[in-house]
Structure formats: structure tokens, C-alpha cells
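K.L.:
Numbering-wise, full-length UniProt numbering puts 234 at position 234 of the sequence shown, and it's gapless, one number per residue.
Where a beta carbon is used, it is the ideal one built from N, C-alpha and C, also for glycine.
Bear in mind the structure is a predicted one, so any value in this text is a computation, not a measurement.
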Amino acid sequence: MGLEVWIVESNVRIQRSTTQSHKHPILEPEEKRREGVESKKEAEKCRESKVLLNIRKNPLATLEPFNAEPLRSDLISSYVTPVDFFYKRNHGPIPIVDDIERNLPKYNVTATLQCAGNRRTAMSNTKTVKGVGWDVAALGNAVWGGAKLADVLELVGIPKLTSATPSGGKHVEFVSIDKCKEENGGPYKASIPLSQATNPDADVLLAYEMNGKTLNRDHGYPLRVVVPGIIGARSVKWLDSIGIITEECQGFFMQKDYKMFPPSVNWDNIDWSTRKPQMDFPVQSAICSLEDVNVVKNGKVTIKGYAVSGGGRGIERVDISVDGGKTWVEASRYQKAGIPYVAANKWAWVFFEAHTDVPKDAEIVAKAVDIAANVQPESVEAIWNLRGILNTSWHRVHVRVGHSNM
Ligand SMILES: Nc1nc2c(c(=O)[nH]1)N[C@H]1C(S)=C(S)[C@@H](COP(=O)(O)O)O[C@H]1N2
Ligand SMILES: [Mo]
């Protein structure tokens, strides 16, 4: 993997090889300038390919860090999200890293990565929340290619299905090489439980490919972690080192961010230590074939979108309502065109579709149910939280039935 291994007393550390001409890329002022240019170029490229930059809708977002999501309709134009249409979420400038060797068995895992802040803008409509203002497309579904973390850990003497090492290691920490202001210029980092990391069925990857091609810089080139079924924040990009630690990672994004608080907590009474870092994401769905207040001609609409749940829970059902949730019809679901969905791929989203008549000025609603019978909550108020994460409330779109003279 181009990873070097040290075993230091109780700590196991795996680090990216720093041999040959490797320079730490973001220390060089020249490289740093190039980085800025490169990420702007990437941004331009995305604009050309019609990815809607978040910056256009949200004055708080900037090109650096580069945050972008596609249009709803582009998101569902392909089951496997093309790299250009895959949302980008960064906390610092995008670094440049040398390539690595690849010498462990390669696995391809189709998994949906979702930012915990997906659908945050709608949560802010209830009461302002802090964070990047995403619409419903801060997620994507890719075929990730790479080595299983369980195999890498076995190489350094940690057997499969281990929950604690003899010296008390219980968590696996991923440290990046990027620099984030929230970490006072230090790298982005996160951890997952050792039991998950060493479970081959959890499909945690050290990925170097996305949709059959070498990972690009936006998405973590040369090596990133992909942890299926949990919020995107734990899938660390531009991996520099992996450590086995006793307590979960103490980094900013584990301890001072990406935690789910109740609606009663505000910025004056928040105590970050009272909550665990968010891992699994709950059941989610959104309508992508319609924008708010689309005018439909003849009262017939096609309602299409995605549904996905965390923790490997498949989607049992997607219900659609055209009267704000009074009555429902079940949508069809598919992962592969023409093949009925029977919880085939537990890490990947399903697309849903329903054709229906709509009354005048309809409120169209989607709600998904996962295989554990978890249902999306009806109201956003009930799950409002100050960081605006995990808005999984029923997705509602308003349409009007128009006449030809409108
Ligand atoms: N090194 C590093 N890894 C990171 C981030 C980051 O800023 N730096 N952002 C995280 C967040 S919050 C998300 S949602 C995903 C986004 O992955 P993507 O940009 O490939 O879609 O990467 C995660 N990994
Ligand atoms: Mo995120």
C-alpha cells in the first residue's frame, strides 16, 4: 500500500511511505499557490459540466474550501454518480499527494456517501443553523475500489474481528495531510471502532479508485478511507496515517462538530462532551425530479428520487403522497434498471419512482422506511439541531398545476 508500519509499545501506527522524492505537499509556498489555482480550475471544470456550485446559492460558501453539490435532476440522472456530479466537501485547501503502490487484494464496493449536513438549508428555514447550506444533493453513490482495511490491519498483526488489542487499542484513527482552520492548521482526522475496522463484512476500504478510475484530488487522491453506512465525515481523504488508539479520536470533527443535539440545545448552553460523535446515518430520501414550485401541465407527474439508510439497513419501502401526507401510494424501487430491488446492495442508495395525478397546488411528499422499520420523521422541527445535521424529515415539494395561458 506504500504504507510503512511501526509498532510502538501499545500503539500501532501505519504511515504513508515518505521515501524517495516525496515532499510534504502543503508545506511548500509554491505548491500552496498552485493548490489554490488547481482547486479553482477544478471548480471551473465542474461549472462547465453543470455541477451547481454551492457558492451560487449560498453566499457563505467559498471556492476554498471547495464545496459543491449537483442539481437535483443531475443527481438522479445516473445510479452510479459520475465523479463530476459527486458532491465535494472540504474543510481546507485540496492538497497534492504522490501516488502509492497497490499490493493487497482489491475490492469494489458500491456505497453511498452522504454528508451529515445534507438538506441543511431546509432545516435553517425553521430556525437558523450553522453550516454549509446544502440542498438535497450532498450525497452520491460510487463504486469505490481499494484494499479492505481489515486486510491492512491483519498485515500488521491485528486479526479479523478484533474489538480490542492486548494493549487496549479499541479505535482506528485516520489522519489526513490537509490543513484545517478548525484544527488550528492541523490535519483533518476521525476514528471508527476497531471492531468495525477489522470486520471484513463492514467493507471499510482504503480506496484509490472511484468508478473504475484513479481517485481524483477532490475526492482524496491518492488514498482515502470509505466507511460505508456512516456519515461522510468519517471517510477521511488524502490519508497520511492510521493509528490504533484506546479512546476515540479527539479531533475537532469528532468532538466539536458532527454530533446530534436535541432542539433545546443552543450556542449558549451547548456542552459538546455530553454527546457521542455521530456515526450511522438514519433513513433518508428526497425527491429529485421536481424543484419547489414547478408548474406541471396536465396534472400528471413523475416523482423520482433516492432513498438510503445507514448501518447497512436496506430500504424496505418508499411512500409518496400528493396531499401533504394524508394519503399515500408506494413507489417502485430499483438499483439496477429492470431488476426489482430486494435489498441487493445494503450500502448503496435505491432510486424510487411513482407516476401519479396531482391535484391543483399539491404538496408532494416522500418518506422512506428501512428494513428495521425506521421511518423518516414527519416534521423538521422535531429534529432541529443547532448544527443542522441529519435533516431526514419528510421531503416536501410544492407543485402547481398550470394552464396553457399561464
Ligand atoms: N481529509 C479530509 N477528509 C474529509 C473531509 C475533509 O475536509 N478533509 N471532509 C469530510 C466530509 S465532512 C465529507 S461529507 C466527505 C466528503 O467527501 P467527498 O468530497 O469525496 O464527497 O469527506 C470527508 N473527509
Ligand atoms: Mo460532511
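I need the DSSP call for R400, collapsed to helix, strand or coil.
P.N.:
Residue state, collapsed to three classes: strand.
K.L.:
Look at the Cβ atom of Y87, then the Cβ atom of A138, and state whether they are nearer than 8 Å.
P.N.:
Going by C-beta atoms, Y87 is nearer than 8 Å to A138.
K.L.:
Going straight from the alpha carbon of V380 to that of P65, what length do you get?
P.N.:
Going by the C-alpha atoms only, they are around 28 Å apart.
K.L.:
Determine the DSSP secondary structure at F86, reduced to helix, strand or coil.
P.N.:
If DSSP states are grouped into helix, strand and coil, F86 belongs with coil.
K.L.:
Would you call the segment 123-137 and the segment 228-242 in contact, with 3 or more CB pairs under 8 Å?
P.N.:
Flag = no, the segment 123-137 and the segment 228-242 do not touch.
K.L.:
For R313, which of helix, strand or coil comes out of DSSP?
P.N.:
DSSP places R313 in coil when its eight states are reduced to three.
K.L.:
Any beta carbon of chain D sitting closer than 8 Å to that of P340?
P.N.:
Absent here is chain D; the protein component of the structure consists of one chain.
K.L.:
Just checking G145 against ligand 1 - is the residue's beta carbon closer than 7 Å to any of the ligand's heavy atoms?
P.N.:
For ligand 1, not one heavy atom lies less than 7 Å from the Cβ of G145.
K.L.:
What do you reckon, are the CB atoms on I364 and V322 nearer than 8 Å?
P.N.:
It is a contact, given that the beta carbons lie within the stated cut-off.
K.L.:
Would you be able to state if there are at least three C-beta pairs under 8 Å between the segment 111-119 and the segment 387-403?
P.N.:
At 8 Å Cβ cutoff, the stretches touch.
K.L.:
Within the structure, which residues are defined as neighbours of ligand 2 by a Cβ-heavy atom distance below 5 Å, reported in chain order?
P.N.:
Answer in sequence order: R89, C115, G232 and A233.
K.L.:
Is F351 close to ligand 1? I mean its beta-carbon at under 7 Å from any heavy atom of the ligand.
P.N.:
For ligand 1, not one heavy atom lies less than 7 Å from the Cβ of F351.
K.L.:
Quick one, are the C-beta atoms of G229 and G305 less than 8 Å apart?
P.N.:
No, the pair does not count as a contact, with Cβ atoms beyond the cut-off.
K.L.:
When DSSP builds the beta bridges, which residues end up paired with D74?
P.N.:
Partner(s): none; D74 has no beta bridge.
K.L.:
Return yes when the Cβ of V318 is within less than 8 Å of the Cβ of S285, no when it is not.
P.N.:
A contact, by the Cβ cut-off of 8 Å.
K.L.:
Opposite N294 in the DSSP bridges: which residues?
P.N.:
Answer is V399, bridged to N294.
K.L.:
If the criterion is Cβ atoms closer than 8 Å, does the pair N184 and A150 meet it?
P.N.:
No.
K.L.:
So T110 is in the beta strand (DSSP E); what residue range does that whole segment cover?
P.N.:
Y107 to Q114 is the span of the beta strand (DSSP E), which, as asked, contains T110.
K.L.:
Quick check: does the Cβ of L149 come within less than 7 Å of any heavy atom belonging to ligand 1?
P.N.:
Not under cutoff, so the answer is no.
K.L.:
Straight-line CA distance for F174 to Q250?
P.N.:
Going by the C-alpha atoms only, they are around 11 Å apart.
K.L.:
Could you tell me which residues DSSP pairs with H171 in its beta bridges?
P.N.:
According to DSSP, which records beta bridges pairwise, H171 is partnered with P193 and I245.
K.L.:
So, for N345: in the same chain, excluding its five sequence neighbours on each side, which residues have a beta-carbon less than 7 Å away from its beta-carbon?
P.N.:
Hits under 7 Å: T110 and Q335.
K.L.:
Opposite H91 in the DSSP bridges: which residues?
P.N.:
DSSP lists no partner for H91.
K.L.:
Hey, quick one: how far does the beta strand (DSSP E) through A382 stretch, first residue to last?
P.N.:
Run containing A382: none; DSSP gives neither H nor E here.
K.L.:
Would you give the residue range spanned by the alpha helix (DSSP H) that T126 belongs to?
P.N.:
Element bounds for T126: n/a, residue is neither H nor E.
K.L.:
Would a C-beta distance cut-off of 8 Å place G157 and I244 closer than the cut-off?
P.N.:
Taking 8 Å as the Cβ cut-off, G157 and I244 do not qualify as a contacting pair.
K.L.:
Starting from E154 and walking both ways along the alpha helix (DSSP H), at which residues does that stretch end?
P.N.:
From DSSP, the alpha helix (DSSP H) with E154 extends over L149 to L155.
K.L.:
Within a Cβ cutoff of 6 Å, which residues of the same chain sit near K367, ignoring the five residues on either side of it in sequence?
P.N.:
Taken in chain order, the residues that qualify are D319, Q376 and W394.
K.L.:
For L113, verify whether its CB is less than 7 Å away from any heavy atom of ligand 1.
P.N.:
The answer is yes for L113.
K.L.:
Ignore the nearest five residues each way along the sequence and tell me which others in V397's own chain have a CB closer than 6 Å to its CB.
P.N.:
I287, L290, D292 and I364.
K.L.:
Output the distance between the C-alpha atoms of G92 and D178, rounded to the nearest integer angstrom.
P.N.:
Cα-Cα distance, rounded: 6 Å.
K.L.:
Between which two residues does the alpha helix (DSSP H) holding M254 run?
P.N.:
Here the alpha helix (DSSP H) through M254 covers F252 to Q255.
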